[in-house]
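Structure, as structure tokens:
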Amino acid sequence: MNYTIEKRIFSIYQNPLTASNLIIAHESGNPNNVGKNSLENEVSYMLRNWQNAFVSHWVGGGGKIIQIANVGKVQWGVGPKANGYAYAQVELARTNNRSIFEQDYKAYVWLLQKLALEAGIPCTLNSGASVHEKGIKTHSWVSKNVGGTDHTDPDGYLASWGMSQARFRQDIEAGLSALPPLASAPGTFLLHRVVKGETLWGLSRKYGTTPATLKQLNQLSGDLILIGQQLKVRQY
Numbered sequence: 001m002n003y004t005i006e007k008r009i010f011s012i013y014q015n016p017l018t019a020s021n022l023i024i025a026h027e028s029g030n031p032n033n034v035g036k037n038s039l040e041n042e043v044s045y046m047l048r049n050w051q052n053a054f055v056s057h058w059v060g061g062g063g064k065i066i067q068i069a070n071v072g073k074v075q076w077g078v079g080p081k082a083n084g085y086a087y088a089q090v091e092l093a094r095t096n097n098r099s100i101f102e103q104d105y106k107a108y109v110w111l112l113q114k115l116a117l118e119a120g121i122p123c124t125l126n127s128g129a130s131v132h133e134k135g136i137k138t139h140s141w142v143s144k145n146v147g148g149t150d151h152t153d154p155d156g157y158l159a160s161w162g163m164s165q166a167r168f169r170q171d172i173e174a175g176l177s178a179l180p181p182l183a184s185a186p187g188t189f190l191l192h193r194v195v196k197g198e199t200l201w202g203l204s205r206k207y208g209t210t211p212a213t214l215k216q217l218n219q220l221s222g223d224l225i226l227i228g229q230q231l232k233v234r235q236y
């Protein structure tokens, strides 16, 4: 399933990043804002108070996505030690409705995956222990491994709905949202994101090619491919 991203990007100067290594997963941490307008309330509040903190995207309201700042530029959401490495930062608005949470969660995972693919970042969750190790990271991971912040989101909120970190990792890395292969610019290549269990041989059969051709297209020296890796699988 694809989602529409509503853009309400506000006009401020955003500093350039040090490197596009991370996608940061947040949640609002606001137990007093869980009603049907929680997403709009959070977005409105952040737009009014961006001098204190802001992220690039919000998810909520039954799977809605709103972008309020540019990606690939510094956002102030995860502390001074990691902000300069975060291509995008995504907040999840709270709800007290199970059905709405499930819709929000699917959109949240989809968006985190999409942004990672867009930035050439592996779809892995909380791997490594430094801002130089690319991947999708939770705010909690940054607090534990990088510092400059002490928040533990989104762990507690996800757990309140029975969503463990192991399950969250599985959905991020194995592809809950079943993202389709991405078509690159016309006249170039069809791209494929590697998910758990896939092999170079299996992909060659899937796309009607050979392992040798895939190695050549992607300049691979061996048969090893990694979860979250983008591969060229067909030339147009």
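Numbering of the sequence shown is given in UniProt numbering, commencing with residue 1 and proceeding in unit increments.
Glycine included, every Cβ here is placed at the ideal spot set by N, Cα and C.
Please read these numbers as outputs of a predicted model, since none were measured by experiment.
For Ala-86, the enclosing beta strand (DSSP E) covers residues 86-92.
In this structure, Arg-94 keeps its C-beta atom at 8 Å or more from the C-beta atom of Glu-6. A residue is called buried once 16 or more other Cβ atoms fall within 10 Å of its Cβ, and Arg-205, having fewer, is exposed. Residue pairing by DSSP puts Ala-25 in a beta bridge opposite Val-90 and Thr-138. Check the Cα spacing between Ile-23 and each of Glu-118, Ser-143, Lys-36 and Asn-49: the tightest is with Glu-118. Looking at the DSSP output, His-151 sits in no beta bridge, so it has no partner there.
Counting only residues of its own chain and dropping the five nearest sequence neighbours on each side, Gly-72 has a CB closer than 7 Å to the CB of Leu-17, Ser-20 and Tyr-87. In terms of Cβ geometry, Leu-125 and His-57 do not form a close pair [threshold 8 Å].
Every beta strand (DSSP E) of 3 residues or more that sits fully in the segment 26-107 is shown, in chain order, as 57-60, 64-67 and 86-92. Counted as a single uninterrupted DSSP element, the stretch harbouring Glu-198 is not any beta strand (DSSP E), since DSSP gives it neither H nor E. Taking a cut-off of 8 Å on C-beta distances, the segment 48-55 touches the segment 76-92, as three or more cross pairs fall below it. In the DSSP assignment, no residue is bridged to Glu-173. Counting along the chain, the unbroken alpha helix (DSSP H) around Leu-214 starts and ends at 211-218. Going by beta carbons, Leu-191 and Lys-232 fall inside the 8 Å limit. DSSP links Glu-6 through a beta bridge to Ile-66. Closest by C-alpha distance to Val-146, out of Ala-159, Gly-156, Gly-202 and His-132, is His-132.
For the 8 Å CB-CB criterion, Arg-8 and Gln-67 form a contact.
Annotated as distal: Val-195 and Ala-166, with beta-carbon spacing of 8 Å or more.
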